[in-house]
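Notes for the one structure printed next.
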Amino acid sequence: MARYCVFFLLGACLLLAACEPVAIAILGASASAALRYNMDGVASRTFTAPVAAVKSASIAALERMGLALDSTSRFDTGETIFARAENRDIEIDIEPITKHATRVRITAKGGSLLYDNATAVELVQQTEKLLEVGLAKMAPAVPAMGPAQAPAAAGGSSKIGF
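The numbering used here applies: residue 122 is where the sequence shown begins, and numbers increase by one.
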């Protein structure tokens, strides 16, 4: 019986020794992800909307969040909007992909070395909300269905029987 206990303990030690490299790798990956979150600070998204609509929604999102519009500049394929807060510098790159698709890349820099990913993500979300409201206003109205156009009542010509 004692012999089996020795083999069991020896086997358990071998298995636990293999867990150490895995634990170190997991801790290293989570540390690098946390560092990337703070050092990267970039949020990007592609919207199904024309450039003009995305630009106006981005500027409205800046105003909604209380960020001051600083300046704009053009680059090869798009435009950059610069904004600032008391302790943040914001850059919004707006680049057309097609006539109806636009890519937005937002960088929020806070302090000297660190970037603020949360502010960049919130700007993308606010831009998305404003675009949804703006595009919903532009969508054509769907006429209401009258009694003659209403779908057949349950139990009618449905192919699914319950």
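Quick reminder that beta carbons are idealized off the backbone N, C-alpha and C, glycines included.
- Just so you know, the alpha carbons of residue 224 and residue 237 end up roughly 20 Å apart.
- Measuring C-alpha to C-alpha distances from residue 217 to each of 163, 173, 162 and 161 identifies 173 as the nearest.
- Beta-bridge annotation (DSSP): residue 223 is paired with 168 and 217.
- Judged by DSSP in its simplified three-state form, residue 188 adopts coil rather than helix or strand.
- In the three-state DSSP reduction, residue 207 falls in the coil class, being neither helix nor strand.
- Taking residue 213 as reference, the option from 222, 232, 190 and 251 with the minimal CA-CA separation is 190.
- Within the model, the alpha-carbon separation for residue 181 versus residue 243 is close to 13 Å.
- Per DSSP, the beta bridge partners of residue 194 are 201.
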